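Asker: Before I ask anything, here is the structure I am working with.
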Amino acid sequence: ELAHQYARDGFVVLSASLKPIAAAMAAGGAFYDLLLSHSLSGSGISPEQIIGPKRLNWVVLLDGLDECGAEHHEVAKHIYRFAQGHPNARVIVTTRPIGYATAVLSDWTHYRLLPPVTSEGAANLAMLMTAVKESANEFSQPCDANVLPDTSEKIPPSEAVAISPQLLGMSAALIHRHRALPRTRFGLYSELIKLFTEH
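If you count the sequence shown from 1, position 109 lands on 103 in our numbering, and the numbers rise without skipping.
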């Protein structure tokens, strides 16, 4: 979503997973070169096409600092140096708190994404259903606006589902296709697998 929004605003967006970059750095690779190669891989764009004046409009999205293992501190140092060397670039790093112990980026602005509240599970599911209805296209089955809100309120998601954005999304996908909402995580996965098999 961040990449999409920044690109719409005219920024050059470089997005990469840090885990393979960390592994390549441990083998002697340079962070800057790895960032470009991983971000542009498969895009058909060469580094030469974005290096230059457009560098001022770079947005760099780096995911999974916590997945870098013992290298996460060293990777964080290179990210910090990159940001210092490119003061006009916007650098965003995502990480889970677990496995993130370095203080290298401690002076950066931090945001924590809070999990959904269990008691708001039904309301969150209803909002997802509204979003599905509004974005439905010719490839998806039509939504019945009169059925969806009632479905999520009469059969609220279980606690395990209510606190997980991913599972709420899966639930919305099932309800959108007029499937019953399972009460367990196992049931939810089973219904989705049936859905994939049918399609």
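Every residue gets a Cβ at the ideal spot worked out from N, C-alpha and C, and that includes glycine.
It should be emphasised that the depicted structure is a prediction, and the values quoted were computed from it without experimental measurement.
#1: With a 10 Å radius around its C-beta and 16 neighbouring C-beta atoms as the bar for buried, classify E185 as buried or exposed.
#2: Output the distance between the C-alpha atoms of E128 and Y183, rounded to the nearest integer angstrom.
#3: Does the distance from the C-beta atom of L107 to that of L59 stay below 8 Å?
#4: If we count the other Cβ atoms within 10 Å of its Cβ and call it buried at 16 or more, is Y105 buried or exposed?
#5: Answer with buried or exposed for N82, where buried requires no fewer than 16 other C-beta atoms within 10 angstroms of its C-beta.
#6: Quick test of the definition: if touching needs 3 or more C-beta pairs under 8 Å, does the stretch -3 to 16 touch the stretch 29 to 44?
#7: Are the CB atoms of M19 and V54 nearer to each other than 8 Å?
#8: Sort S100, V98, V7, L161 by Cα distance to T178 and report the nearest one.
#9: To the nearest angstrom, how far is it from the Cα of R75 to the Cα of V98?
#10: I believe I224 touches L175 by the beta-carbon criterion, under 8 Å. Please report the beta-carbon distance rounded to the nearest angstrom.
#11: Give me the Cα-Cα distance between T96 and E192, rounded to the nearest whole angstrom.
Answerer: For this structure:
#1: buried
#2: 25 Å
#3: no
#4: exposed
#5: exposed
#6: yes
#7: no
#8: L161
#9: 10 Å
#10: Absent from the model: residue 224. The displayed extent of the chain is -5 to 193, so no value can be given.
#11: 47 Å
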